[in-house]
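Chemist: For the protein sequence lines, the chains are A and B, in the order given.
Counting from 1 along the first sequence, just add 43 to a position and that's the residue number in the numbering used here.
Counting from 1 along the second sequence, just add 254 to a position and that's the residue number in the numbering used here.
Dumping the structure here so I can ask a few things about it.
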Amino acid sequence: MLTLTNVGKTFNKGTVNEKAALRGIDLHLNRGDFVTVIGGNGAGKSTMLNMIAGVHPLDSGTIVLDGHDISRLSEHARAAYLGRVFQDPMRGTAADMQIDENLALAARRGKSRTLRWGITKAERTRYVDELAKLDLGLETRLSDKVGLLSGGQRQALTLLMATLQRPDLLLLDEHTAALDPKTAAKVLELTEQIVSSEGLTTLMVTHNMHDAIRMGNRLIMMADGKIIYDVRGEEKAGLHRADLMRKFEEAAGEEFANDRMLLG
Amino acid sequence: MTLALLGAVSQGILWGIMVLGVYITYKLLDIADLTCDGSLALGGCVCAVLIVEHGINPWLALLAGTVAGMLAGAVTDVLHTVFDIPAILAGILTQISLWSINLRIMGKSNIPLLKHETIFSEITVASGLPQTTVVVLGLVFATICVGALYWFFGTEIGSALRATGNNEDMSRAMGIDTRATKMIALMLSNGLVGLAGALICQSQKYADIGMGTGAIIIGLAAIVIGEVLGRLTPGKLRSFSSRLVAAVVGSVVYFLIRAIVLQMGMDANDMKLLSAAIVAIALAVPVVWERQQLRASYRKGGEA
Chain A
44 MLTLTNVGKT FNKGTVNEKA ALRGIDLHLN RGDFVTVIGG NGAGKSTMLN
94 MIAGVHPLDS GTIVLDGHDI SRLSEHARAA YLGRVFQDPM RGTAADMQID
144 ENLALAARRG KSRTLRWGIT KAERTRYVDE LAKLDLGLET RLSDKVGLLS
194 GGQRQALTLL MATLQRPDLL LLDEHTAALD PKTAAKVLEL TEQIVSSEGL
244 TTLMVTHNMH DAIRMGNRLI MMADGKIIYD VRGEEKAGLH RADLMRKFEE
294 AAGEEFANDR MLLG
Chain B
255 MTLALLGAVS QGILWGIMVL GVYITYKLLD IADLTCDGSL ALGGCVCAVL
305 IVEHGINPWL ALLAGTVAGM LAGAVTDVLH TVFDIPAILA GILTQISLWS
355 INLRIMGKSN IPLLKHETIF SEITVASGLP QTTVVVLGLV FATICVGALY
405 WFFGTEIGSA LRATGNNEDM SRAMGIDTRA TKMIALMLSN GLVGLAGALI
455 CQSQKYADIG MGTGAIIIGL AAIVIGEVLG RLTPGKLRSF SSRLVAAVVG
505 SVVYFLIRAI VLQMGMDAND MKLLSAAIVA IALAVPVVWE RQQLRASYRK
555 GGEA
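This is the structure we're talking about:
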């Protein structure tokens, strides 16, 4: 489904700020895999997702998604295959556009845009149904500007937008980190619901070890631009937070002491 | 006085077409595109040269002025999106080069059209009403432009363009090629500015190298005035079409204010200072007001 081979990225090469963010990542995901990604700050989790999404050009390696080599495609061209939800609720939606207009943009992801009307009546009916599933009361507010919504509502809407047109791969980059615990739980519940009902292949970065163990069928841990731990199935289900902490200490040593993963 | 005011209205309507162009970049794309000073003069110069030196039909000359403006917009876009030059600087670079280019096109600093047919003189011959021709024809053009923009920004491509101005990250994640949408926006915007330049040239019967100087400020002032008028109107005109109309109305009001203060004896050269002051005040007032509100809402004890 998704195969990363020797994917590398160094930022600010040749300067004092040089930072090797990814050091030859190899990763293979099967269709329907729901993989949680954990690791400390600067471990390369977000960079890995951004490299898959095409935000930065690759330094080395290849990314193959569903048989297509997307390594050299631009960000907007890759969007045809990907659904993305960002950490910042402001980044995933257009604040000055209406809820239905945002959904209409999402419904056209990866399709060529023409001079046909930007949103049709039939679409609006469908959006009412889809929004009702979120259970946030958004189905009656179709023509409200998205800027009026709360962070949690925006994040739930972004999740719906990312999956409105079935993506080959769903990328969730700490998409609940900016939300209060109650809202975060709601968005995670929606995430599980959508991912399992659509059978989506998913990569979810999280700082919460409990969520990382509880959700999905596979867990990978990153440190210093490498994947240091990869566990799936029964073995993953049997994990405890202490196991992950130990694993992390082994790999990262000293660095771990002051990492905010301790708090997760 | 009435004649002066009628003149101001007709000027305001023609400049209103330029304001629509500025609206696209400033309000929808969130870029202050300084190309427009140059592309307005470019539209006028191209139009005048074609009519006077090449005997081209004035309607075709309008079209040529529009296309010339679009090309100027394309140059700014390439500087901005391909070479990553900040949008303001890219606009300034194009604007400055257009000064020289416009002089090359005309071969001198102004061209009078006195003895030549224009679209306005053609219609006047038919109607016999010289004063109102510019107003009526200007309104026809402005209405067509507002209608066309309203339609375009409702289409899939137009929506993608609005999304680009709103949130570029999100737009790319939605598969929108933001380079392409910016190119369309800048070409469309400067095409309208070029069209306005050509229309202004034909209505005032000359093209001048300095005719576009300060156009961006007039555009911003008109947009700001239009927004204030929109807010003061009962029912608060929020729809996209009414905001476009408000931009044109803002332009008419701007030129009416200008005509009135000039009649009252203000030096014409001070007009640019007044325009800048209008824009600066209109942008500053909401900021100061909000800060004042925040300060006023402070309670020492903490109870809200």
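Each residue gets a CB set at the ideal place from its N, CA and C atoms; glycine is no exception.
Note that the coordinates shown come from a computational prediction; the quantities given were computed from them, not determined experimentally.
(1) Would you call the CB atoms of A:G82 and A:L65 closer than 8 Å?
(2) Taking a cut of 7 Å between CB atoms, which residues from the segment 191-219 of chain A lie near chain E?
(3) With B:I355 as the anchor, note down where its alpha helix (DSSP H) starts and where it stops.
(4) Could you name the residues of the segment 227-249 of chain A whose beta carbon sits closer than 8 Å to any beta carbon of chain B, in the order they occur along the chain?
(5) Hey, does A:D139 have any beta-carbon neighbour from chain B nearer than 8 Å?
(6) Given a limit of 7 Å on CB to CB distance, which residues of the segment 153-170 of chain A reach chain B?
(7) Once the 5 residues before and after B:H370 are set aside, which same chain residues still bring their CB inside 7 Å of it?
(8) Taking 8 Å as the threshold (beta carbon to beta carbon), is B:M324 in contact with chain A?
(9) Using a C-beta to C-beta distance shorter than 7 Å, which residues of chain A count as neighbours of B:R497?
(10) Pick out whichever of B:V303, B:A500, B:W543 and B:V541 has its Cα sitting closest to the Cα of B:A396.
(11) Could you compute how far the alpha carbon of B:D431 sits from the alpha carbon of A:D273?
(12) By Cβ distance below 7 Å, which residues in the same chain neighbour B:N444 in space, the five residues on each side in sequence not counted?
(13) Are the C-beta of B:T409 and some C-beta of chain A separated by less than 8 Å?
(14) Check each residue of the segment 397-428 of chain B: if its Cβ is closer than 7 Å to any Cβ of chain A, include it; give the result in chain order.
(15) Report the partner residues of A:R275 according to the DSSP bridge assignment.
(16) Give the secondary structure of A:M247 by DSSP, where H, G and I count as helix, E and B as strand, and everything else as coil.
(17) Less than 6 Å between C-beta atoms, sequence neighbours within five positions excluded: which residues of the same chain meet that for A:G307?
(18) Residues in the segment 433-449 of chain B with C-beta within 7 Å of chain A's C-beta atoms, listed in sequence order?
(19) Verify the CB distance criterion: does B:D338 have a CB-CB separation below 8 Å to chain A?
(20) Just tell me which of B:V390, B:A295 and B:S354 has its CA closest to the CA of B:G266.
(21) Can you check whether the CB of A:T244 is closer than 8 Å to the CB of A:T201?
(22) Of all the beta strand (DSSP E) runs that stay within the bounds of the segment 48-98 of chain A, which reach a length of 3 or more residues?
(23) Taking all protein chains shown into account, do 16 or more other C-beta atoms lie within 10 angstroms of the C-beta of B:P312, making it buried, or fewer, making it exposed?
(24) Look up A:R127 in the DSSP assignment and give the residues it is bridged to.
(25) Given a cut-off of 8 Å, decide if B:T320 and B:G448 are closer than it, judged by their beta-carbon atoms.
(26) Could you tell me which residues DSSP puts in a beta bridge with B:P366?
(27) In three-state DSSP terms, what is A:L108?
(28) For the segment 124-141 of chain A against the segment 205-216 of chain A, do three or more pairs of beta-carbon atoms, one drawn from each stretch, fall closer than 8 Å, so that the two count as touching?
(29) Residues of chain A with a CB under 7 Å from the CB of B:I430: which are they?
(30) In angstroms, rounded to a whole number, what distance separates the CA positions of B:T330 and B:T348?
(31) Taking the alpha-carbon of A:D112 as reference, which of A:T46, A:H99 and A:R275 has the nearest alpha-carbon?
(32) Within 10 angstroms of the Cβ of A:R303, are there 16 or more other Cβ atoms? Answer buried if so, exposed if not.
(33) Does any residue of chain B bring its CB to less than 8 Å from the CB of A:L65?
(34) Can you check whether the CB of B:F374 is closer than 8 Å to the CB of B:V394?
(35) Please confirm if A:G307 has its CB atom under 8 Å from at least one CB of chain B.
(36) Could you tell me the alpha carbon to alpha carbon distance between B:L403 and B:I438, rounded to whole angstroms?
Modeler: The relevant details are as follows:
(1) no
(2) Considering every chain present, this structure includes no chain E. Its protein chains are A and B.
(3) A341 to M360
(4) Listed by position, the residues of the segment 227-249 of chain A near chain B (Cβ gap below 8 Å) amount to none.
(5) yes
(6) G153, R156, T157, L158, R159, W160 and G161
(7) I305 and V306
(8) no
(9) Ordered by position in chain A, no residue passes the 7 Å Cβ test against B:R497, which lies about 12 Å from the chain.
(10) Checked all of B:V303, B:A500, B:W543 and B:V541; the closest Cα to B:A396 is B:A500.
(11) In this model, B:D431 and A:D273 are separated by some 36 Å (Cα to Cα).
(12) G275, T289, C290, S293, G323, M324, A326 and G327
(13) Yes, B:T409 counts as interfacial toward chain A.
(14) G408, T409, E410, I411, G412, S413, A414, R416, A417, N420, N421, D423, M424, R426, A427 and M428
(15) A:R261
(16) strand
(17) With a pLDDT of 46 at A:G307, under the threshold of 50, the modelled position of this residue cannot be trusted; read the value that follows with caution. Once the five neighbours on either side are set aside, the close Cβ partners of A:G307 are H250, N251 and M252.
(18) none
(19) no
(20) B:V390
(21) no
(22) 62-72 and 77-82
(23) buried
(24) A:L214
(25) Yes, these two residues count as a Cβ contact at 8 Å.
(26) B:Y460
(27) strand
(28) yes
(29) H119
(30) 6 Å
(31) A:T46
(32) Because A:R303 carries a pLDDT of 48, less than 50, the predicted location of this residue cannot be relied on, and the following value inherits that uncertainty. A:R303 comes out exposed.
(33) Judged by the 8 Å Cβ criterion, A:L65 is not in contact with chain B.
(34) No, these two residues do not count as a Cβ contact at 8 Å.
(35) The pLDDT assigned to A:G307 is 46, lower than 50, so where the model puts this residue is not dependable; a value taken from the coordinates is nonetheless given after this. Closer than 8 Å: no.
(36) So the alpha carbons of these two residues sit roughly 13 Å apart.
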